[in-house]
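Below is one structure; the comments refer to it alone.
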Amino acid sequence: MTSLPLVLFISAAMALWVAGRTCRRRPSPPGCVSFMWLMVAVAVWCATSGLHALAESLDIKIAWAKVQYLGIASVPPLWLLFAVQYADVGWLVKRYARAALWLVPILTVLAAATNQWHGAMWPDVRLEASGLAVYEHGWWFWVAAAYNYVLVLGGTGLLLDALRRSPLQFRGQWLTLIAAALVPLAGNALYLAGLTVPGFDLTPVAFTVSGLLFARSLSRDRLFDLVPVARDTVIESLSDAVIVLDSARRVLDMNAAARQLAGTPTSWVGRSVGSLIPLLREVRLDVVADSSTTLAADAPDTPRRYYDVRVIRVRGRNTAAAAWVVVMRDVSDELRADAERAALQLRVQEQQKRESLSVLAGGLAHDFNNLLTGIVGNADLLSLRIPPSSEMGSNVGAILLGAQRAADLVDKMLAYAGERHGSIERVDLNDLVGDMVELLRASAARHCTLRYEGQPAIVEADSTQVRQVAMNLIINAADAVAESTGEIAVATGVETLTGEQLADVECADDATPGGYAYLDVADNGPGMDGATLARICQPFFTTKPTGHGLGLAAVQGIVHGHRGALRVESRLGQGSRFRVWFPAAPALSPEGEARLQSIRSRTSTRVRTP
762 MTSLPLVLFI SAAMALWVAG RTCRRRPSPP GCVSFMWLMV AVAVWCATSG
812 LHALAESLDI KIAWAKVQYL GIASVPPLWL LFAVQYADVG WLVKRYARAA
862 LWLVPILTVL AAATNQWHGA MWPDVRLEAS GLAVYEHGWW FWVAAAYNYV
912 LVLGGTGLLL DALRRSPLQF RGQWLTLIAA ALVPLAGNAL YLAGLTVPGF
962 DLTPVAFTVS GLLFARSLSR DRLFDLVPVA RDTVIESLSD AVIVLDSARR
1012 VLDMNAAARQ LAGTPTSWVG RSVGSLIPLL REVRLDVVAD SSTTLAADAP
1062 DTPRRYYDVR VIRVRGRNTA AAAWVVVMRD VSDELRADAE RAALQLRVQE
1112 QQKRESLSVL AGGLAHDFNN LLTGIVGNAD LLSLRIPPSS EMGSNVGAIL
1162 LGAQRAADLV DKMLAYAGER HGSIERVDLN DLVGDMVELL RASAARHCTL
1212 RYEGQPAIVE ADSTQVRQVA MNLIINAADA VAESTGEIAV ATGVETLTGE
1262 QLADVECADD ATPGGYAYLD VADNGPGMDG ATLARICQPF FTTKPTGHGL
1312 GLAAVQGIVH GHRGALRVES RLGQGSRFRV WFPAAPALSP EGEARLQSIR
1362 SRTSTRVRTP
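In short: position in the sequence shown from 1, add 761, done, that's the working numbering.
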């Protein structure tokens, strides 16, 4: 037995060394402080046990036995506190709960210190011839022992439950902790059962093994470098989905965001990541370097979501990858904001370009109109001086015809510039377009089928320019469709446009939410590709062999001048659809409507009178 004190002192030194190693870690991980004091309590237990073994008189042995209980009574509550914090159980956080935990240990230390008056700890102590002190255990000893076993077993049970729930990366740490707890527990059980040498408590020696296990865990398993509580408080709270995979693409761990993305499965450890999150089925794990990519996920009744997926290697002790960490960040809102910002920037650029072209077109139109005024005036004067029989009359007529066509181009350029020179009046879009359809059915659209469905739609607009819009759209549709199989559908009506609907319309710069009268022209022609669709309203751009490229530019200018909106839909092989909106006119009172009808009736009668 002479080697027993040496073993106990070595155990105490080992426990202090482990406590010192724990104290030097900055910042201190959760559970680190409790673990440090646990090792200090073990060192006190071992050192006082060694001094107890070296003492020769019974009184000195009893004195060291009383001091020994400072360590013995402190180890169980410190072990439970360490297990609670390390496993992140979440309870025992109130101060009064922690204070109540120390009630029995404090009473135990006091009972040992005052044992000579009541004998609750040791009713009888005798010294054997071999020098060992044999203690008879009192009733409070068994109360304290039962309490200590409850705390140690409770902490060990928490670690076992955490071991069951933990991924493979943490299994080594958990097994080390549980083994370190069970070894002293087994030694103490043997001592209490009387299966050891009488008077010899095996528990401090067992703590030597525990100290060695903790030392191994600190140096090899890095006990406090990847504590599960850090994983729970940091990884679990991340909004990004974090998934740990092994080399066979099986799931080792997932945080809350990843479980929600997978549909919160009840059992996911060891399952293939592709079966839980189909989006990751094709993600490569054999990348040369850590990489990221953007993947799209479609789900029924929900908009498409985009995820930035980053794959990070977790290396083992060799150079091979022991595991893979997949981080998924939802970037749908960012991409949507970027797309909206790019669309807004494009619309601003288009608006600036259109405004600059409008200014240029308006200036040229006015200057050209002034030149045409002189040409037409002089041609008219010349025609008055030429006799009707003169051959120069046809030349003058050609000059006037060319000037008239040039004036039509000027009107279209002014329309593109958004300048209205006609009178604004209340116009029924249904009547105006209906007359235009009847006129064009017999001329420009005689080779195809032209259908019209209209509803009353009152607007306040320049009727001449509205006719020009209808004529340009219908003629363009007639030119696009094939003979005999071509079909053109024209419709008018009234609808309400919201701000979201106007935001999806290509040309709606000055339009505001509210009621609108619309003109819709659809054909079954060859359609247009995206490049053509982006340029159809640009001045002098045309797909016709003989076109001048001002028809749709004028339509856009007229719509802009009336604070309306224009939308073009077309795909190759699926025809085209043009829809124009003009702000609906406010409703008149019955008296105002009757007065307007009276004015129209008098005007119509005056026109028909010879």
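Virtual Cβ for every residue (Gly too), placed ideally from N, Cα, C.
Between Thr1273 and Val1194 the beta-carbon gap is near 24 Å, outside 8 Å, which marks them as no contact.
For Arg1212, the enclosing beta strand (DSSP E) has its first and last residue at 1210-1214.
The C-beta of Leu1107 has fewer than 16 other C-beta atoms within 10 Å across all chains shown, which makes the residue exposed. Pro1148 and Val1157 have their C-alpha atoms some 12 Å from each other. Restricting attention to Asp1001, Ala907, Ala1241, the CA atom closest to the CA of Ala950 is found in Ala907. In the assembly as shown, Asn1131 is an exposed residue. Its beta-carbon has fewer than 16 other beta-carbons within 10 Å. Fewer than three beta-carbon pairs drawn from the region 860-871 and the region 888-895 are found closer than 8 Å, and the two stretches are therefore not classed as touching. Cβ-Cβ distances below 7 Å link Met1153 to Ile1147 in the same chain, with the five nearest sequence neighbours on each side left out; the list follows chain order. DSSP places Ala1205 in the coil class of the three-state scheme, outside both helix and strand. A check of alpha carbon separations from Gly1135 across Gln1165, Ser1155, Ser1151 identifies Gln1165 as the nearest. Pairing Leu1022 with Ile1038 gives a Cβ-Cβ distance under 8 Å. Taken in chain order, the complete alpha helix (DSSP H) segments of 4 residues or longer contained in the region 989-1042 are 1017-1022, 1034-1037. Looking from the CA of Arg1065, the closest CA among Ser795, Gly1322, Val1092, Phe1301 belongs to Val1092. Contact check for Gln1216 against Ile1319 fails: the beta carbons are separated by 8 Å or more. Sequence-distant Cβ neighbours of Gly1275 in its own chain, meaning closer than 8 Å and more than five residues away, are Thr1257, Leu1258, Pro1344, Ala1345.
CA-CA distance, Ala1292 to Thr1246, rounds to 26 Å. Here Trp1085 really is in contact with Val1072; their C-beta atoms are around 6 Å apart, less than 8 Å. For Gln877 and Ala905, the gap between their C-alpha atoms comes out near 18 Å.
Straight-line spacing of the CA atoms in Gly811 and Gly1024 works out to 58 Å. Per DSSP, Ile1235 is one residue of the alpha helix (DSSP H) stretching across 1224-1241. With a minimum length of 3 residues, the unbroken runs of beta strand (DSSP E) contained wholly in the region 866-924 fall at 885-888, 894-897. Positions of the beta strand (DSSP E) runs, each at least 3 residues long and wholly inside the region 1292-1339, are given as 1326-1331 in order along the chain. Bounds of any beta strand (DSSP E) do not take in Ala814; it lies within the alpha helix (DSSP H) bounded by 793-815. Note that the C-beta distance between Leu920 and Ala844 is below 8 Å.
Ranked by Cα distance from Asp1270, the options Gly1322, Glu1221, Asp1284 are led by Gly1322. Taking each of Pro838, Phe770, Leu1143 in turn and checking the Cα distance to Cys807, the smallest one comes out for Phe770. Counting other Cβ atoms within 10 Å of its Cβ, Leu1145 stays below 16 and is therefore classed as exposed. Non-local C-beta neighbours of Thr809 in its own chain, meaning closer than 7 Å and more than five positions away in sequence, comprise Trp825, Val828, Gln829, Gly832, ordered along the chain.
Excluding the 5 residues flanking it on each side, Glu1221 has same chain C-beta neighbours closer than 6 Å at Ile1185, Arg1187, Ala1346, in chain order.
Leu1280 has Thr1253, Val1341 as its beta-bridge partners, per DSSP.
According to the DSSP secondary-structure assignment, Met1197 is paired through a beta bridge with no residue.
In this structure, Gln1229 is the residue among Asp1223, Gln1229, Gly1260 with its C-alpha nearest to the C-alpha of Val1198. In this structure Ala1218 does not touch Val1266 by the C-beta definition: roughly 18 Å separates them, more than the 8 Å allowed.
Ranking Lys1305, Met1289, Ala1315 by CA distance to the CA of Glu1330 puts Met1289 first. Nearest neighbour of Glu817 by Cα position, chosen from Glu889, Ala1009, Met800, turns out to be Glu889.
For Asp820, the enclosing alpha helix (DSSP H) covers residues 819-833.
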